[in-house]
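So the structure is just underneath, and the comments pick up after that.
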Amino acid sequence: MTAARDMITPSDRPSPPGRTVSVPRSWPQPGCRASASPVSPPPLRACAARRTRPQMRAGTDHRTAAHRLPPGWQFTLSAVVLFLALFGSHLATPLYPIWQADFGLSNTDIAIIFAGYPVGVTFGLLHGGRLGDQLGRKPLTRAGLLTILAASLCYLWAGGFTSLLVARLLNGYGIGLLSGPAVAAIVELHPTRNRGSASRIGAIATLSAPAAGMLTATLIAHYATGPTAVAAPYIIFAVLLTLGLILTGGYRETIHPEEKQSLRSASFRPQALRVPPGIALPFAYAACVAVLTWANTGLWLSLGPSIIPALMQGAHPMTGGLAVVAFLTTAGIVQLGGGWLGYLRAIVVSLILVIAALTTVLASLHAGGVAGVALGMLLGGTSQGLAWMGVVELTNRIAPDWSRATVLSVLYICCYFGSVVPVLLTGLAADVFGLSRAFGGLCVLSMSSAVALLIWTARLRRVLPDRHEILPDVPKGVDRTASAAPPD
Numbered sequence: 001m002t003a004a005r006d007m008i009t010p011s012d013r014p015s016p017p018g019r020t021v022s023v024p025r026s027w028p029q030p031g032c033r034a035s036a037s038p039v040s041p042p043p044l045r046a047c048a049a050r051r052t053r054p055q056m057r058a059g060t061d062h063r064t065a066a067h068r069l070p071p072g073w074q075f076t077l078s079a080v081v082l083f084l085a086l087f088g089s090h091l092a093t094p095l096y097p098i099w100q101a102d103f104g105l106s107n108t109d110i111a112i113i114f115a116g117y118p119v120g121v122t123f124g125l126l127h128g129g130r131l132g133d134q135l136g137r138k139p140l141t142r143a144g145l146l147t148i149l150a151a152s153l154c155y156l157w158a159g160g161f162t163s164l165l166v167a168r169l170l171n172g173y174g175i176g177l178l179s180g181p182a183v184a185a186i187v188e189l190h191p192t193r194n195r196g197s198a199s200r201i202g203a204i205a206t207l208s209a210p211a212a213g214m215l216t217a218t219l220i221a222h223y224a225t226g227p228t229a230v231a232a233p234y235i236i237f238a239v240l241l242t243l244g245l246i247l248t249g250g251y252r253e254t255i256h257p258e259e260k261q262s263l264r265s266a267s268f269r270p271q272a273l274r275v276p277p278g279i280a281l282p283f284a285y286a287a288c289v290a291v292l293t294w295a296n297t298g299l300w301l302s303l304g305p306s307i308i309p310a311l312m313q314g315a316h317p318m319t320g321g322l323a324v325v326a327f328l329t330t331a332g333i334v335q336l337g338g339g340w341l342g343y344l345r346a347i348v349v350s351l352i353l354v355i356a357a358l359t360t361v362l363a364s365l366h367a368g369g370v371a372g373v374a375l376g377m378l379l380g381g382t383s384q385g386l387a388w389m390g391v392v393e394l395t396n397r398i399a400p401d402w403s404r405a406t407v408l409s410v411l412y413i414c415c416y417f418g419s420v421v422p423v424l425l426t427g428l429a430a431d432v433f434g435l436s437r438a439f440g441g442l443c444v445l446s447m448s449s450a451v452a453l454l455i456w457t458a459r460l461r462r463v464l465p466d467r468h469e470i471l472p473d474v475p476k477g478v479d480r481t482a483s484a485a486p487p488d
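Heads up, the sequence shown is in full-length UniProt numbering, so the first residue is 1 and it goes up one at a time.
Have a look at this one:
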């Protein structure tokens, strides 16, 4: 009632009997300019709206979601949607031998098809981040799900190299399109706006979903026969994507309608690889840690399936794939119980574990011991889980609301760069120096990078926000270091 009464102009209010209400020549309000006309008062409704924009934004969000589920359920649904979308990101990995035998593909063809995924992801990230900030989180999430669904149909109807390459590109593009907006929605839908807890949930979905998908495809490819071995994983994935599209209707849009742009005014050009100037230094630190941790992850995803069976004489063909699943599962479990560390301690511990894991693996490969390689993989999975949890939490703490999806997309581009380029360079070096020397060189480079990042962490410790601090949001186009005032 108070808010409604404040919206009534003085001339509309009834006068008590026997009294006359005089309207002043100007009616300035706090934060509003005086009326241009000396007689008529300015529109108090606009002044009140401008004066209480943060409060109105929160109230509008709750009214918009009043007919939907409680905030906790909306947050859960947003995380489930991300999990379902990423379930098929590595679904094709166990199926490559089947396609190679059925379609007569060469090793070069398989390498090109494999490279189509990171290429598609990169282009999707370049579009999805900015559009997610302009059009909203849910439209871009749905567009990504539909693109991935189209890729699944291409996999089902694949007849050779071209169709598999198109499917791989579409799959990567769809995942890149929704990654930034979907993770941003998870952070913004957290019931208590706890960015640390929300970031951990997003990081867990990013790692556990590919592990679950790869395990499903590995088991089906082993036990199924004929076309079912290839078709069944993508039929299951198509059903899960359809469920994800339905679940997007259960949570609200986190971008306020006044801040959203229309399709005509939105920019569809690929975004530049830059972040707001005020967060450049901490973001550069987070990106470097992400590149290192995903370089080690890419190493295990590419070489893990071949290293373990080579050391274990007479090992089951599924052993290598299950070892990779164990690596990703370990990373996910660590994130579930590692929140008490805080992002900075998690990053420091992960960097130390990088050195320990790679040292153990190198020594075990030299001695030919399987147990040491398995221990190194578990240490590597623990390092990956802690590092990714810390990096995502740090990025969400420093990213402003108006460009959160953009900043997250740039971070994901750095991750895919780290997971693909070192592995490709290792493959090229293996043709010249041999696989063992190339693998050892990459391990030495990774350990040196971990030491350098530990030194950088000690120097940046006073600059980085603590585990309970969130850098204040600022209007678009304003440097954080220049102003900490909220938007007008």
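Just so it is clear, CB atoms sit at the ideal spot from N, CA and C, and this is done for glycine as well.
### Task
Hey, could you find the ends of the alpha helix (DSSP H) Phe83 is sitting in?
Pro71 to Leu86
### Query
Is the distance from the Cβ of Phe327 to the Cβ of Met377 below 8 Å?
yes
### Query
Which of helix, strand or coil does DSSP assign to Ala266?
coil
### Message
Do Ala286 and Val391 count as a contact pair if the criterion is CB distance below 8 Å?
### Response
yes
### Message
Relative to the C-alpha of Ala185, which candidate in Val421, Val275, Gly441 and Leu135 has its C-alpha closest?
### Response
Leu135
### Same chain only: Cβ atoms within 7 Å of Thr254, ignoring 5 sequence neighbours per side
Arg137, Ala185, Glu188 and Leu189
### Query
Given that a residue counts as buried once 16 or more other Cβ atoms are within 10 Å of its Cβ, and exposed if not, what is Ala399?
buried
### Task
Kindly indicate the opening and closing residues of the alpha helix (DSSP H) around Pro181.
Phe161 to Glu188
#### Entry: Test item: CB-CB of Val349 and Leu362 under 8 Å
no
#### Entry: For Arg142, the three-state DSSP class (helix, strand or coil)
helix
### Query
So what does DSSP say about Gln261, is it helix, strand or coil?
coil
### Query
Under the three-state reduction of DSSP, which class applies to Val324: helix, strand or coil?
helix
### Query
How do the stretch 274-285 and the stretch 90-104 stand: do at least 3 beta-carbon pairs fall below 8 Å, yes or no?
no
### Query
Which one of Thr330, Leu375, Ala290 and Leu336 has the shortest CA to CA distance from Ser449?
Ala290
### Message
Suppose you measure from the CA of Pro70 to the CA of Thr206; what does that come to, to the nearest Å?
### Response
24 Å
### Query
Straight-line CA distance for Gly372 to Ser364?
5 Å
### Own chain residues within Cβ distance below 8 Å of Ser208, not counting five before or after
Phe83, Leu328, Thr329 and Gly332
### Task
Let me know if Ile455 comes out buried or exposed under the rule of 16 or more other beta-carbons within 10 Å of its beta-carbon.
exposed
#### Entry: Same chain, Cβ closer than 6 Å to Pro118, five either side skipped, listed in chain order
Tyr416 and Val420
### Query
Is Ala224 helix, strand or coil by DSSP?
coil
### Leu146 versus Tyr173: straight-line alpha-carbon distance, rounded
11 Å
### Of the listed residues Trp73, Ile220, Thr76 and Met447, nearest to Ile355 (C-alpha basis)
Met447
### Message
On the DSSP letters alone, give me the boundaries of the alpha helix (DSSP H) that Ser364 sits inside.
### Response
Tyr343 to Ala367
### Query
Can you tell which of Ile175, Ser262, Gly202 and Ile347 has the C-alpha that lies nearest to the C-alpha of residue 492?
Within the shown structure, residues of the chain are numbered from 1 to 488, placing residue 492 beyond reach of any answer.
#### Entry: Cβ-based neighbour list, Ala203, same chain, cut-off 6 Å, excluding 5 preceding and 5 following
Gln335, Trp388, Met389 and Val392
### Query
Taking Cβ positions, are Leu86 and Pro210 nearer each other than 8 Å?
yes
### Query
From His256 to Ala232, what does the alpha carbon distance come to, in whole angstroms?
41 Å
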